[in-house]
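Just below is one structure, and these are the notes that go with it.
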Amino acid sequence: MARSVIVRDLLPAGYFVVKIPNGARFIKGNLVWNLGELAPGATKTLRIRIRLDRSVTGNRCNVVEVVAGNAPPVNARTCTKIVRVGGVRPTPVTG
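Note that the sequence shown covers residues 140 to 234 in this note's numbering.
Below is the structure:
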């Protein structure tokens, strides 16, 4: 059993949270969840809606750190290449 589990999402520069997810709060610029206890093999999905600043391009990496009172910390990292697309307009929906 992992005890006192805390998840910190270190959002890249230019990423803005649209709405703070249930159970999360901002601490020193990081989105933080206090999950309490997790059983062995348990999983938890945490979702965030973000908005990108218009100036954001290139590779951006999101890092999540997970710490527990009785286990070593772990990190997960995912990177996305952001490309600005000009002149694209949505197709109107009719009918």
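Glycine included, every Cβ here is placed at the ideal spot set by N, Cα and C.
So residue i and residue j are supposed to be a Cβ contact under 8 Å. How far apart are they, rounded?
i	j	result
L174	V156	At roughly 18 Å, the Cβ-Cβ gap does not stay under 8 Å, so L174 and V156 are not in contact.
R199	G153	7 Å
Evaluate residue i with the Cβ neighbour count: other Cβ atoms within 10 Å of its Cβ, from every protein chain shown; 16 or more gives buried, anything less gives exposed.
i	result
V144	buried
V146	buried
V232	exposed
V213	exposed
V205	buried
Taking the straight line between their C-alpha atoms, what separation do you get for residue i and residue j?
i	j	result
L149	W172	12 Å
L191	N209	36 Å
P211	I189	29 Å
R223	N161	31 Å
N201	P151	6 Å
G96	A207	Past the boundaries of the shown model lies residue 96; the chain is included only from 140 to 234, so the question cannot be answered.
I159	K183	17 Å
Taking contact to mean at least 3 C-beta pairs separated by less than 8 Å, is the stretch 160 to 180 in contact with the stretch 194 to 201?
At 8 Å Cβ cutoff, the stretches do not touch.
Does the stretch 175 to 188 come close enough to the stretch 211 to 219 to have 3 or more Cβ pairs within less than 8 Å?
The stretch 175 to 188 vs the stretch 211 to 219: no contact.
What ranges does the alpha helix (DSSP H) occupy inside the stretch 186 to 225, keeping only unbroken runs of at least 4 residues that lie completely in it?
When DSSP assignments are scanned along the stretch 186 to 225, no uninterrupted stretch of alpha helix (DSSP H) that is 4 or more residues long falls wholly within it.
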